[in-house]
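What follows is a set of notes on a single structure, which appears directly below.
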Amino acid sequence: MNDADSTSPAYSMDDLVALCKRCGFVFPASEIYGGINGFWDFGPRGVALKNNLRDAWWRDMVECPPIGPDGEPLSIVGLDSAIIQNPKVWEASGHIGGFNDPMVDCTESKKRYRADQIRVLISWDVEADSGDDSHPAIQRLYAFIEDDESSYKSAIKKTTKYAKAIGVSVVDNPEHWSFSHPEFADARQYIVGPDVETPGTLTEPRMFNLMFETYIGAIRDEDNKSYLRPETAQGIFTNYKNVLDTMRVKLPFGIAQVGKSFRNEVTPRNFIFRSREFEQMEMEWFCPPDQSQVWYEFWVEQRTNWWKSVGLTGDNLIRRDHDADELAHYSTACADVEYRYPFTSPGYGELEGIAHRGCFDLDAHQKASKTKLEYFDQDLQVKLQKEGVDKEEIKQRSKYMPHVIEPAAGLTRGVLALLCEAYTPDPERPSGVVMKFNPAMAPIKAGIFPLVNKDGMPEVAQKLYQELRTKYACQYDGKQSIGKRYARMDEAGAPYSFTIDGDTLTDQTVTVRDRDTASQERIALDQVSTFLADRID
RNA sequence: GCGGGUGUAACUCAAUGGUAGAGUGUCAGCCUUCCAAGCUGAAUGUUAGGGGUUCGAGUCCCCUCACCCGCUCCA
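The first sequence: position 10 = 9 (numbering that gives the first Met the number 0), numbered continuously.
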């Protein structure tokens, strides 16, 4: 029965949030003014952790990219596009849709309607009006789309059929009200959407645009309106041609970008998991359409392993392939790398999504911008020529729109996952908790302590500290007792502590205290730097 | 967005409607030869914010904000 315990976290989110504040990882934004919903600030330790994760991604993606399935190193270049772009970018990408209109979603058919176009038949019971209280209650109200003859007829038909089934007679020419009518606020559970048979699948009307608006220049009018980007990906698509024209890249290749994105979430929740300002690490992998499935599999595998490499080694990390009905209409495949956060446990929450986007984005931007974004595949041309393929066919086949595989990771969510994974309650320890970060991710790599502040120990410890700090984030601490200093390192997640004691002065050795086991070993003073390098770099 | 809960020092919590406190932590000093030891001293409060009732409000009432839980939502 204790197996169930392995899926439920040994700590609460409150505990983690408290530690994050206490140890300078994450603070509520604008806290002295009462905070602001959906925004968080990274403290000194938090920004160190975030930068370490970001730098690892950049290194493993751009500087030292993986080896491809064919044994060749991949070609991926970096990019840093502006947060604010021409609003036409967001029109083309589909982010400005149902712009000023409240929208209604159907949770079953996945269709989205303009709320003001949805009408609901009001077909009252003739018997009930005559004062007979024994009639069955009408629990089906059929909706249709305004000015859509077929959906209106369908709704009438369904209403009549339903009325017959429950044995009431309804008026022949019912009137109809807008779905947004206040009368329906409590009756939504009875309303049947235009394209489904079961009631209660329509959400309440809501403004759908999640983008933050801003105005360019001093004049606040519609002409100057723009948006903070809701994803970094579009900046990559809009620069695809620039990169192609200048960087001597050939398909397949990738463009990678890390940066802030903004979404005006209805309900920010769960600490930094869903915040209105967050950071993404996205890469768009452009490839020939016929290779796209191979690359998709490659990247799903690659990205799952990468998260393991930064410390998410336990069974809290899973790959989850989307079902067909979960996919966006342009996407043929999508998988998430998910993590079991305390607030999702025993379920999982998204960490990264790897989507097969086809040529949806480039097509959309080509059409909207009237800029040719097709790729001329010279290698293919040569190959086809050698095969003796017809000239016209070569011309046609060697020019095509690349397909795109998009591994889109949440940096902010990654930091949260690292924090969750590291958080290890330990009642045996004075600190009560140890942050077991992967050494490469740890905000502080080492503590350097004199055992006591006399007999020359502080001088030796200072010298060691001065040496180490040229390469690593480390801390010198000579205050209070040695136990307290170790406890501080446990909470901060520093993997190693080096202590200069009496023996150091005679035999030039120091003790290394391991954060995870609290055990100690002695190593030579002049080997400390190498010791760290072996375990961190 | 809806419903419920919470909000006092950095943290954990006290304080009949009557002078805002303790422990921990932090800082300084002493002491200290390996896991938050001890001693001495110090700093830190718009009681989440605003309004009201009252001679007097941390406490009662109203509004706002933030966070948590459950729905809703999640390009």
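For every residue, glycine included, the Cβ atom is placed at its ideal position computed from N, Cα and C.
Cutoff 6 Å; reference residue i; Cβ partners in own chain excluding five residues on either side
i	result
I499	P449, M456, V459, A460, V509
L140	V119, Y189, I190
R484	F448, D476
Y464	I447, Y475
Q538	Residue 538 lies beyond the residue range present for the chain, which begins at 0 and ends at 536; the question has no answer from this structure.
A9	P424
W89	I95, Y226
L326	C333
A255	M60, V61, I75, G77, M282
V257	R53, M280
Beta-carbon proximity list for residue i, same chain, < 7 Å, skipping 5 on both sides
i	result
A334	V299, R318, R319, D320, H321, I353
I144	Y112, Q116, I117, S150, P193
D362	M400
A421	M434, K435, F436, G492
N452	G477
N263	L209, M210, F211, R275
E337	I317, R319, Y347, G348, E349, L350
H355	S291, Y295, S330, T331, A332, C333, I404
K49	F41, L410, V414
Residue i - DSSP class collapsed to helix/strand/coil
i	result
K259	strand
M282	strand
F359	helix
H364	helix
L450	coil
D538	This structure cannot speak to residue 538, because the chain is shown only from 0 to 536.
D378	helix
I271	coil
E145	coil
D40	strand
K398	strand
D79	coil
D59	helix
V432	strand
L15	helix
L120	strand
C105	strand
I393	helix
F98	Note that F98 scores 44 on pLDDT, short of 50, meaning its location in the model is unreliable and no value can be drawn from it.
A416	helix
G45	helix
R53	helix
Residue from the options with nearest C-alpha to residue i
i	options	result
G310	Y239, A416, V257	A416
R44	Q474, Q479, T503, L504	Q474
S168	H175, E174, K160	K160
A408	S518, V511, E391, E281	E281
F537	L350, N315, E283, F252	Residue coverage of the chain in this structure runs from 0 to 536, which leaves residue 537 outside it and unanswerable.
H180	R58, A142, R521	A142
R512	D506, T505, E520	E520
P65	R219, I155, W294	W294
L372	D244, V46, I271	D244
K249	P72, A162, G33	P72
I270	F530, F26, K382	Checking the sequence shown, residue 270 turns out to be Phe, not Ile. Taking only the C-alpha atoms, the option nearest F270 is F26.
D378	K156, R396, S368, T370	R396
S177	A162, D146, T197, E196	D146
I155	V170, A91, G166	V170
D506	A523, D536, G348, W57	A523
R339	T312, S496, D54, S92	T312
C63	W305, T529, K49, V242	W305
Beta-carbon proximity list for residue i, same chain, < 8 Å, skipping 5 on both sides
i	result
L52	V309, L410, G413, V414, L417, M440
G23	G42, P43, R44, G45
D222	none
R187	G199, L201, E203
P341	P8, Y10, S11, M12, L15, C419
Heavy atom of the ligand GTP within 6 Å of residue i beta-carbon
i	result
A439	Inclusion of the ligand GTP in the displayed structure is not the case, the ligand content being empty and no account of it being possible.
Between the region 481-491 and the region 429-440, do at least 3 Cβ pairs fall closer than 8 Å? yes
Continuous beta strand (DSSP E) assignments of at least 3 residues falling wholly in the region 176-254: 212-214, 224-226
Please determine if the region 400-407 and the region 290-297 are in contact, where contact requires at least 3 C-beta pairs separated by less than 8 Å. Output reads yes: the region 290-297 touches the region 400-407.
Which ranges does the beta strand (DSSP E) cover as unbroken runs of at least 3 residues, wholly within the region 459-533, from first to last along the chain? 473-475, 495-499, 508-513, 519-523
Take every Cβ of the region 214-229, pair it with every Cβ of the region 79-90, and state whether three or more of those distances are shorter than 8 Å. yes
Contiguous beta strand (DSSP E) assignments of at least 3 residues, all confined to the region 284-350: 316-320, 332-338
Using 8 Å as the threshold, is the region 208-223 in touch with the region 28-39, meaning 3 or more CB pairs across them? no
I want to know whether the region 363-376 touches the region 234-248 - three or more CB-CB distances under 8 Å. Three or more Cβ pairs drawn from the region 363-376 and the region 234-248 lie within less than 8 Å of each other, which places the two stretches in contact.
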